[in-house]
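Written below as structure tokens is the structure these notes are about.
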Amino acid sequence: MNTIMKKGLWIYIFPALMDFSVAAVLLFSSIRAVELGVSSVVMGILGSVWGITYSFSSIMLSKVISKKNAPWFMIASCISFIFIGGFFYFCVSLFPLFVLLFLGGFCSSFFFVGFQIFMGNNTGLAYHKSSAFYTLSWSGGMAFGSLAEGSLINSGVFYAQLPIFISSLIIISGIILSEKIKKPLDVIIEEDKKEAQRSPFVKKYVWIAWAEIFCVALVTTGVRYLLPKVAISSFMFSKQMAGIAVFVFFIFQAIAGYAVSFFSVFRYRISSHHIMKLLGIISLIVPLVFYKSAAIFIFAGLLGIYAGHAFYTSVFYAINDEEKSGFNIGINEALVGIASVCGPFLLGIMLNISIGWFLLFPCIILFLAGLVQHLFLKYSAI
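In this note's numbering, the protein residues as written are 226 to 607.
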């Protein structure tokens, strides 16, 4: 416990708990939309609403959030989410679902923009470690939030909003406590600096990070939001089983994102990105070849491994370029926001055509992204 406190690992509990709430809201809205019988296109538009409000509010908040007020913005976000959980009672038609995701995207930005500043004041980890713990944290929160919501949604609205209520209260208590016991951390970590100095490709790989995070966000935001519809409508899953499918995706993403940090030899190797994209393509083909329930879980797990590697390396490459780390992270967030708007919308259109296009379209994106990255490293003069 002393090691966890000393190294600042405790702060990663907060994004895990917040994404626990986020996952509950997203899965609830997705399953409720399926129950209402909305089309794939409308459902894709619904999934895009979160990204739109999150992106715009993040830009506005970045101008007003500071080290001093960041904890209070995080607390405000958690209080808002308690009310958002209560709003579940009103989601009996399509319009309230749009309102729900509009509010969710807006209020969650208060937390995550604030947390990036809060994290900087409370951890002294090396970049490759902080990237790994952050990926493990938010992905794990999304995984268990999806699992909990999938298990509780059949029990009624009261139980469906319970994960949000509990996790929000824990975060609020934790932030208040951390502000009282906070001690300055000695950040004496040179490992990543040495790696950056040794590698002539660090600045080039920032561009690789931007291409990677846009690609993975474009593919996975659409797939994971529409996965419950695919699982329930095409593979006859129950709501609980649909939640488990989303859980499998995120838990494999969490494990992969953390595990890749131990293999430093692959950090600046484009071959690792090509291999993972190939794994992502294979995952998307599996349900087409084996049209069985088990194929959905295999697909979710393999795609999660690709996503974990992609998110981890994107964050690590961005922050390891120390001179422009703030700018790099800002571009990362902007690209995630844009992709979160486009992904669900485009995949919704593809699913409306056929499940085949829903699975093959991301394959094309992955192939083109890998090709662009390869050509950039080969011919760029940066």
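No residue lacks a Cβ here, since even glycine has one placed at the ideal position from N, Cα and C.
Note that the coordinates shown come from a computational prediction; the quantities given were computed from them, not determined experimentally.
Cβ neighbour criterion (16 or more within 10 Å) applied to GLU437: Mapped onto the sequence shown, residue 437 falls at position 212. By the neighbour-count rule (16 or more Cβ atoms within 10 Å), GLU437 is buried.
Supposed contact pair PHE253 and ALA385 - C-beta distance, whole angstroms, cut 8 Å: Locating residue 385 in the sequence shown gives position 160, where the first residue counts as 1. Locating residue 253 in the sequence shown gives position 28, where the first residue counts as 1. Right, their Cβ atoms sit about 6 Å apart.
For SER291 and ILE580, the rounded distance between their alpha carbons: Residue mapping note: residue 580 aligns to position 355 of the sequence shown, counting from 1. Residue mapping note: residue 291 aligns to position 66 of the sequence shown, counting from 1. C-alpha separation (whole angstroms): 45 Å.
N- and C-terminal bounds of the alpha helix (DSSP H) containing GLY456: Here the question's residue 456 lines up with position 231 in the sequence shown. In the sequence on display, residue 456 carries Ala and not Gly. ALA456 -> no alpha helix (DSSP H), and no H or E assigned at all.
CB-CB length for PHE331 against VAL274, believed under 8 Å: The residue you call residue 331 lines up with position 106 of the sequence shown. The residue you call residue 274 lines up with position 49 of the sequence shown. Contact flag wrong, Cβ pair sits at about 10 Å.
PHE477 versus LEU451, PHE337, GLY595 and GLY365, residue with shortest Cα-Cα distance: Residue numbering aside, residue 477 sits at position 252 when the sequence shown is read from its first letter. Of the listed residues, the one whose Cα sits closest to PHE477 is GLY365.
CB of GLY505 within 8 Å of CB of LEU584, strictly: As a first step, residue 505 is located in the sequence shown; it is residue number 280 there, counting from the start. As a first step, residue 584 is located in the sequence shown; it is residue number 359 there, counting from the start. No, the pair does not count as a contact, with Cβ atoms beyond the cut-off.
Within-8 Å CB hit, ALA295 to chain C: Protein chains in the displayed structure number just one, and chain C is not present.
Between the CA atoms of CYS440 and ARG423 - distance to the nearest angstrom: In the sequence shown, residue 423 corresponds to position 198, counting from 1. In the sequence shown, residue 440 corresponds to position 215, counting from 1. Reliability fails at ARG423, whose pLDDT of 46 lies under 50, so the model's placement of it is uncertain and no value is given.
Neighbourhood of LEU234 by C-beta, 6 Å cutoff - its chain only, sequence neighbours within 5 removed: On the sequence shown, residue 234 is found 9 positions in, with the first residue counted as 1. There are no such residues.
Terminal residues of the alpha helix (DSSP H) in which ASP244 lies: Within the sequence shown, the letter at position 19 stands for residue 244. Following the DSSP letters along the chain, one finds ASP244 inside the alpha helix (DSSP H) bounded by residues 238 to 261.
When GLY272, LYS354, VAL267 and ALA258 are compared against PHE541, the one with the closest alpha-carbon: Taking the first residue of the sequence shown as 1, we reach residue 541 at position 316. Minimum Cα distance to PHE541 is reached at LYS354.
Proximity below 8 Å, CB of LEU372 to CB of ILE480: By one-based count along the sequence shown, residue 372 stands at place 147. By one-based count along the sequence shown, residue 480 stands at place 255. No, these two residues do not count as a Cβ contact at 8 Å.
Cβ-based burial, MET299 [other Cβ within 10 Å; buried from 16]: As a working note, residue 299 is residue 74 in the sequence shown. Buried.
ARG449 versus SER489: straight-line alpha-carbon distance, rounded: Within the sequence shown, numbered from 1, the residue matching residue 449 stands at position 224. Within the sequence shown, numbered from 1, the residue matching residue 489 stands at position 264. Each residue's alpha carbon lies about 29 Å from the other.
Length of the line joining the Cα atoms of SER376 and SER463: In the sequence shown, the residue the question calls residue 376 occupies position 151. In the sequence shown, the residue the question calls residue 463 occupies position 238. Cα to Cα, SER376 sits roughly 10 Å from SER463.
Between the CA atoms of SER392 and VAL259 - distance to the nearest angstrom: For this step, residue 259 is matched to residue 34 along the sequence shown. For this step, residue 392 is matched to residue 167 along the sequence shown. If you take the alpha carbons of VAL259 and SER392, they lie about 26 Å apart.
For GLY468, the first and last residue of its enclosing alpha helix (DSSP H): Start at 1 with the first residue of the sequence shown, and residue 468 comes out as number 243. Run containing GLY468: 464 to 484, per the alpha helix (DSSP H) assignment.
Cβ neighbour criterion (16 or more within 10 Å) applied to ALA519: For the purposes of this step, residue 519 is identified with residue 294 of the sequence shown, where counting begins at 1. The residue is exposed, with fewer than 16 neighbouring Cβ atoms inside 10 Å.
Helix, strand or coil at GLY381 according to DSSP, with G and I counted as helix: Numbered from its first residue, the sequence shown carries residue 381 at position 156. Note: GLY381 maps to coil in three-state DSSP.
Buried or exposed (CB count within 10 angstroms, at least 16 for buried), SER334: The residue you call residue 334 lines up with position 109 of the sequence shown. SER334 comes out buried.
Pick from ALA434, GLY555 and ILE236 that is closest to SER398, judged by C-alpha positions: As a first step, residue 398 must be located in the sequence shown, where it is residue number 173. The candidate whose alpha carbon is nearest that of SER398 is ILE236.
Close-in-space but distant-in-sequence residues of the same chain around GLU415 (CB under 6 Å, 5 per side omitted): Walking along the sequence shown from the start, residue 415 turns up at place 190. Confidence in GLU415 is poor, its pLDDT being 48 and thus under 50, which makes the residue's placement unreliable; the coordinate value appears in the next sentence. Once the five neighbours on either side are set aside, GLU415 has no close Cβ partner at all.
Run of the alpha helix (DSSP H) containing GLN598, from where it starts to where it stops: Counting from one through the sequence shown, the residue named residue 598 turns up at place 373. Residues 580 to 604.
TRP235 in three-state terms, based on DSSP: Against the sequence shown, residue 235 aligns to sequence position 10. In this structure, TRP235 counts as helix in the three-state DSSP scheme.
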